[in-house]
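Visitor:
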Ligand code: SF4
């Protein structure tokens, strides 16, 4: 079965003289924590709720082994959508501002 990644690899490999494995390894640098993400084993739509009410995803994040890495990544990359590290965008923004204030 051809995955999306292998299709992209094939297309790029056939049209350019670049080291695709190196390129993909660089793109995934710092994202190794995602292999332990609890949300990768459960319906990912739960982490992108359409309403702003309580989400079961936030409770599941509390059980996730990589919660801190996930939260830090989302803040550092200004993730605009979904629940990351057990926090909504609004909660992450508040935490980011608090971290900035503490750092200065
Ligand atoms: S903490 Fe992050 S990686 Fe873990 S389940 Fe929640 S959203 Fe997924």
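Numbering (this note's numbering), first residue to last: 4 to 107.
For every residue, glycine included, the Cβ atom is placed at its ideal position computed from N, Cα and C.
The structure presented is a predicted model; accordingly, all values stated were derived computationally and were not measured.
Can you tell me whether residue 88 is buried or exposed? The criterion is at least 16 other CB atoms within 10 Å of its CB, across all chains shown.
Guide: Per the 10 Å Cβ criterion, buried.
Visitor: Return yes when the Cβ of residue 50 is within less than 8 Å of the Cβ of residue 42, no when it is not.
Guide: yes
Visitor: Would you list the residues whose beta-carbon is nearer than 6 Å to any heavy atom of the ligand SF4, in the order they occur in the chain?
Guide: 40, 41, 42, 50, 63, 64, 67, 69, 70, 73, 86, 87, 88, 89
Visitor: May I ask you to list the residues that DSSP assigns as paired with residue 50?
Guide: According to DSSP, residue 50 bridges with nothing at all.
Visitor: Return the first residue and the last residue of the alpha helix (DSSP H) that residue 78 is part of.
Guide: In the DSSP assignment, residue 78 falls within the alpha helix (DSSP H) that extends over 70 to 79.
Visitor: Would residue 22 and residue 69 qualify as a contact pair, given that the criterion is a beta-carbon distance under 8 Å?
Guide: no
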